[in-house]
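*Asks:* Just remember that our numbering sits 6 ahead of the position in the sequence shown, which is counted from 1. Ideal Cβ positions, reconstructed from N, Cα and C, are used throughout, including at glycine. Everything numeric in this text was worked out from a predicted model, so none of it was measured.
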Amino acid sequence: MSEISASPPEDARRDAPAPRTAEVAAFLAARMCHDFISPVSAMVSGLDLLDDPSAQDMREEAMGLIGASARKLADLLGFCRVAFGASASAEVFDSRELGRLAEGLFRHIRAELDWQVAAPALAKPAARALLNLSQLAGAALPTGGAARIQAEEREGFILIRARADGARARLRAEVSDGLAGLPMGEGLHGHWVQAYYVHLFVTDAGGTVRVDSADGTIDFLAALPA
């Protein structure tokens with residue numbers, strides 16, 4: 007894997023006050039609600055069809071819509087519980103379970119998941135970083151491609167790489183800013199806050215995180231103490 011070191015980008019916002027904890031929490035909550043509302047709304051639409059006497063010929067379609075939406079919501083909730091939440095009292099996560107959570111997320115986006123995690127288990131900060139960077143890599147491939155996820159222990163550090171490969175791979179400026187620890191500038195808060203959250207907990211754990219981009223490839227890289 008690439009070495010995880012880089013000089014931070016020059017930006018006047020580095021002198022701006024850091025966002026307050028309450029603001030970051032509010033943006034994260036809004037981000038998750040945005041993700042959850044789509045499958046919930048679809049389930050409600052399916053239930054409305056079942057209740058409509060004039061739409062009984064669409065009962066099978068309604069049940070299919072409800073089932074698919076329920077599975078999507080369950081996958082998102084399971085993923086977010088570890089990526090954003092406390093996840094009960096667990097401090098160490100089996101990489102196979104993290105892989106299953108990532109697979110659940112990728113079932114509902116266009117990018118394909120290539121899970122190549124060598125580390126058998128990860129402490130909570132590294133587990134969160136792995137899942138969040140996996141999601142960022144998938145989101146960077148809105149029209150499809152492959153997200154290769156790697157994590158290995160080397161010289162007392164867990165090195166993580168989430169590489170997005172696709173013809174139309176896209177790195178949003180607010181994601182790059184968030185990973186660099188910059189306050190929100192132009193763009194969408196939902197994209198910025200996840201990246202900023204990753205920056206916060208990775209640096210709090212004594213690690214580093216950065217993103218590199220080239221034509222068709224975006225590398226999300228993190229290193230955390232093992």
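Kindly identify the DSSP beta-bridge partner or partners of E158.
*Replies:* In DSSP, E158 forms a bridge with L165.
*Asks:* Closest to G187 by C-alpha separation, out of G172, A28, F226 and W198, would be which residue?
*Replies:* Checked all of G172, A28, F226 and W198; the closest Cα to G187 is W198.
*Asks:* Need the endpoints of the alpha helix (DSSP H) that T209 sits in, please.
*Replies:* Element bounds for T209: H195 to D210.
*Asks:* How big is the Cα-Cα spacing for V50 and I72?
*Replies:* Whole-angstrom Cα-Cα distance: 8 Å.
*Asks:* Compute the Euclidean distance between the alpha carbons of L53 and G212, then round it to the nearest angstrom.
*Replies:* If you take the alpha carbons of L53 and G212, they lie about 48 Å apart.
*Asks:* I want to see whether chain C comes within less than 8 Å of E97, judged by CB atoms only; does it?
*Replies:* The structure shown contains no chain C; it holds only a single protein chain.
*Asks:* With distances taken Cα to Cα, identify the nearest neighbour of P45 among R77, D58, A68 and R26.
*Replies:* With distances taken between Cα atoms, P45 lies closest to R77.
*Asks:* Quick one: give me the first and last residue of the beta strand (DSSP E) that Q122 is part of.
*Replies:* E118 to V123 is the span of the beta strand (DSSP E), which, as asked, contains Q122.
*Asks:* Just tell me which of A89, H205, P25 and F207 has its CA closest to the CA of S140.
*Replies:* Of the candidates A89, H205, P25 and F207, the one whose C-alpha sits nearest the C-alpha of S140 is A89.
*Asks:* Express the C-alpha separation of R102 and G91 in angstroms, rounding to a whole number.
*Replies:* Those two C-alpha atoms are separated by around 19 Å.
*Asks:* Using CA coordinates, which residue listed in T223, K130 and M190 is at the minimum distance from P231?
*Replies:* Per the Cα distances, K130.
*Asks:* Consult DSSP for I224 and reduce its assignment to one of helix, strand or coil.
*Replies:* Strand.
*Asks:* Measuring straight from C-alpha to C-alpha, what distance separates C39 and V181?
*Replies:* Distance between the alpha carbons of C39 and V181 is about 19 Å.
*Asks:* Return the chain-ordered ranges of every alpha helix (DSSP H) run that is complete within the region 22-85 and spans a minimum of 4 residues.
*Replies:* Runs of the alpha helix (DSSP H) inside the region 22-85: 27-57.
*Asks:* For L142, report the span of its alpha helix (DSSP H) as first-last.
*Replies:* Run containing L142: K130 to A145, per the alpha helix (DSSP H) assignment.
*Asks:* Terminal residues of the continuous beta strand (DSSP E) containing F99?
*Replies:* Per DSSP, F99 belongs to the beta strand (DSSP E) from V98 to D100.
*Asks:* What span of residues does the alpha helix (DSSP H) with E180 cover, start to end?
*Replies:* Counting along the chain, the alpha helix (DSSP H) containing E180 begins and ends at A179 to L185.
*Asks:* So what does DSSP say about L230, is it helix, strand or coil?
*Replies:* Correct three-state label for L230: strand.
*Asks:* So if DSSP puts V217 in a beta bridge, which residue, or which two residues, is it bridged to?
*Replies:* Paired residues: F226.
*Asks:* According to DSSP, which residues form a beta bridge with A173?
*Replies:* None; A173 has no bridge partner.
*Asks:* Can you find the residues in the same chain that come closer than 6 Å, C-beta to C-beta, to V98, ignoring five residues on each side of it along the sequence?
*Replies:* Within the same chain, V98 has close Cβ partners A127 and A129.
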